[in-house]
Amino acid sequence: MTADERAVTVTEYVMLHLGGSKHRAKCFEDEPPEEKGEVDDDAVPVEAVDDVKDDDASVGRKHERDEVETPMTTVRVARGKRDEDARRSDDGEGITVRVEDEYDWEGRLRTPKMAKSEVVSDVVERFVPWWENVDSRDPRAVGRWGEALVYHYLLATFPARENNVVEWLNANEETNSFYDIKVTDIKTGLVTFVEVKSTRFDDKNAFEISPWEWDFATKPSVNYHIYRVYNAGDKSRVRVQIIRDPAKLVREHKVSMALVV
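Per UniProt numbering, residue 1 is the first one in the sequence shown, and the count goes up by one each step.
Now the structure itself:
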């Protein structure tokens, strides 16, 4: 190549890489795209026209386009329980995030395969002639009915003539103790602490126990029993399940623990 041809080639190369899009388009016979800041020297000047635009109309059309092209999704936050009123608040449009402060726990869990129940329903009917009507809708009344039932059952099972003392701590008022009934064998000095958990249902095999009750139940020197009363208030269907040393049964995987949230 001659010196002039080399100069032309270098110039074209530089213009292709450093020149504007108009020059590249001319080289490849394409329509030049409009670039911000570029001015076409060959373009015919256009005179400015003072038109009065309807700003409100243009804004209205813009809102119209926004509503048609970008539909909004409604997100609502509802608080409350999972009841019928809360479900009726959902209208089927948008997304509802429900924040529930309280949960209705059914209290029915799958029992371990090795769990063994000690049911004394027939014993209750045979040795406890005490019955009292109860409003099953009142949890406190149901709980007291179950405690009274277990207390009379223990009086019949551990009679005073055999040097046994049965004390019902909540006989007069609620004491908020770690247990409800205490059975003392005067001969041996053995003390059995009994906690009563009552329910008006026949299949609620799970129940709440406070951290302080469980801490007391797990002490090595404490003989702790839980009496679960089913169908409390119904003397024809009531049954009692005894859980002796629940901490030991948990360690042996015969009783399960659950964290309910």
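Think of the CB as a built atom: it goes at the ideal place given N, C-alpha and C, for glycine as much as any other residue. None of these values were measured; they are calculated from a predicted model.
- Contact between the stretch 196 to 213 and the stretch 223 to 237 is present: three or more C-beta pairs spanning the two stretches fall below 8 Å.
- Rounded to the nearest angstrom, the gap between the Cα atoms of lysine 254 and lysine 248 is 9 Å.
- Counting along the chain, aspartate 215 sits inside the alpha helix (DSSP H) bounded by residues 211 to 217.
- Comparing C-alpha distances from alanine 171 to each of Arg161, Asn164, Leu149 and Arg237 shows the shortest one belongs to Leu149.
- The alpha-carbon of phenylalanine 158 is positioned some 11 Å away from that of threonine 192.
- Around tryptophan 145, the same chain offers Val134, Ala232 and Gly233 as residues with beta carbons nearer than 6 Å, after the five sequence neighbours per side are excluded.
- By the Cβ-count criterion, isoleucine 186 is exposed, with fewer than 16 other Cβ atoms from all chains shown falling within 10 Å of its own Cβ.
- Between arginine 108 and lysine 182, the CB-CB gap reaches or exceeds 7 Å.
- Around lysine 235, the same chain offers Trp131 as residues with beta carbons nearer than 6 Å, after the five sequence neighbours per side are excluded.
- Cα atoms of threonine 188 and valine 261: separation of roughly 43 Å, rounded to the nearest angstrom.
- If you compare the alpha carbons of Glu213, Tyr151, Tyr179 and Arg237 with that of aspartate 202, the shortest gap goes to Arg237.
- Counting the other CB atoms within 10 Å of its CB gives alanine 258 a total below 16, which places it among the exposed residues.
- Within its own chain, the residues whose Cβ lies closer than 6 Å to the Cβ of tryptophan 168, once the five positions on either side in sequence are excluded, are Tyr151 and Ile181, listed in chain order.
- Considering only Ser136, Ser177 and Asp4, the residue with the shortest C-alpha distance to serine 210 is Ser177.
- Bounds of the alpha helix (DSSP H) holding threonine 157 are 139 to 157.
- Here glutamate 5 is exposed. Its C-beta has fewer than 16 other C-beta atoms within 10 Å.
- In the three-state reduction of the DSSP assignment, glutamate 195 falls in the strand class.
- Pairing valine 165 with leucine 154 gives a Cβ-Cβ distance that is not under 7 Å.
- With at least 16 other beta carbons inside 10 angstroms of its own, proline 246 counts as buried.
- Boundaries for arginine 244: no alpha helix (DSSP H) harbours it, while the beta strand (DSSP E) harbouring it runs 239 to 244, taken from the DSSP string.
- Shown here, lysine 182 sits in a strand according to DSSP, grouped into three states.
- Of the candidates Val250, Ala206 and Asp138, Ala206 places its Cα closest to the Cα of glutamate 106.
- For glutamate 174, the three-state secondary structure derived from DSSP is coil.
- A residue is called buried when at least 16 other Cβ atoms come within 10 angstroms of its Cβ; glutamate 213 meets this threshold and is buried.
- Looking at the backbone, the Cα of serine 221 and that of glutamate 208 are separated by about 23 Å.
- If you look at histidine 225, you'll find it in the beta strand (DSSP E) that goes 223 to 230.
- According to the DSSP assignment, tryptophan 131 belongs to no beta strand (DSSP E), since it is labelled neither H nor E.
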